[in-house]
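A.B. asks: Residue numbers (our numbering): 781 to 1032.
1. Which of the three DSSP states is assigned to residue 804 in this structure?
2. Pop quiz: residue 944 and residue 974 are said to be a contact at Cβ under 8 Å. What is the actual Cβ separation, rounded to whole angstroms?
3. I'd like the list of long-range same chain contacts for residue 935, defined as Cβ closer than 6 Å, with 5 residues on each side in sequence excluded.
4. With a 10 Å radius around its C-beta and 16 neighbouring C-beta atoms as the bar for buried, classify residue 856 as buried or exposed.
5. For residue 957, which residues in the same chain have their Cβ closer than 7 Å to its Cβ, ignoring the five residues on either side in sequence?
6. For residue 744, list the residues DSSP reports as bridge partners.
7. Apart from the five residues just before and just after residue 942, which ones in its own chain have a Cβ nearer than 8 Å to its Cβ?
8. Would you report the Cα separation of residue 904 and residue 915, rounded to the nearest angstrom?
9. Quick one, which of 818, 962, 853 and 881 has its alpha-carbon nearest residue 838's?
10. By the 10 Å Cβ neighbour count, where 16 or more other Cβ atoms means buried, how is residue 800 classified, buried or exposed?
11. My guess is that residue 991 and residue 978 are in contact by the Cβ rule of under 8 Å, so how many angstroms apart are they, rounded?
12. Look at the alpha carbon of residue 804 and the alpha carbon of residue 794, and state the distance between them as a whole number of angstroms.
13. Quick one: what's got a C-beta closer than 6 Å to residue 865's C-beta in the same chain, skipping five residues either side?
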């Protein structure tokens, strides 16, 4: 029985060991065996078949206490398993949502460029790659404003403070502007760009630039950009772009 019957406390180590070493199901079976064995010892002691250091009341209280501890540990492990199952289900759902969102973004006709708060590219969809001539992997981590210049009518690069993305990141306000952008191959293409800030808890954490070719009616009112767009198309597959250029007309 140990010093002053303290040996009884070793019984409480059994449910902890059984459940955490063998798991919920196996631990439960080991506890059933322990309680049945304790009951048998209690009966044998009551019938004076064997002698133990504890009386019947102590044995009964011990078995009840161990059973309560076992139920508590079982409930704890069961809740952990349920949380793990819910976490896996949530992770799978989030992954599926991310895949669907990526597919949708990649199939949007407008170019989408996402940056961090410093204007460094974190994402580009395929439409943006086609418009700018850059692959997403080539621009990722680089300053979008530096890598893809916006040009004025003299083909000079606009100052950083005049760029829509810089305005969105610095003022937390959206802005739209139409201008030529220099592609990777050096050609210029007229693009309508809308920059939006990404604001979380009142702080700008990034930006999104939505890029699209100018509408046909805009070209009709702007001969300069029309001429730039014509040069851009001349560098592309003429047969592929014939229908698009027919709508613009020879405005240069």
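Beta carbons are placed, not taken as given, at the ideal position from N, Cα and C, and that holds for glycine.
C.D. replies: Walking through what the data contain:
1. helix
2. 7 Å
3. none
4. exposed
5. Excluding sequence neighbours, residue 957 sits near 944 and 973.
6. A query on residue 744 cannot be resolved here, the shown segment of the chain reaching from 781 to 1032 and no further.
7. 930
8. 8 Å
9. Of 818, 962, 853 and 881, the residue nearest in Cα terms is 818.
10. exposed
11. No, residue 991 and residue 978 are not in contact; Cβ-Cβ is about 17 Å, not under 8 Å.
12. 13 Å
13. none
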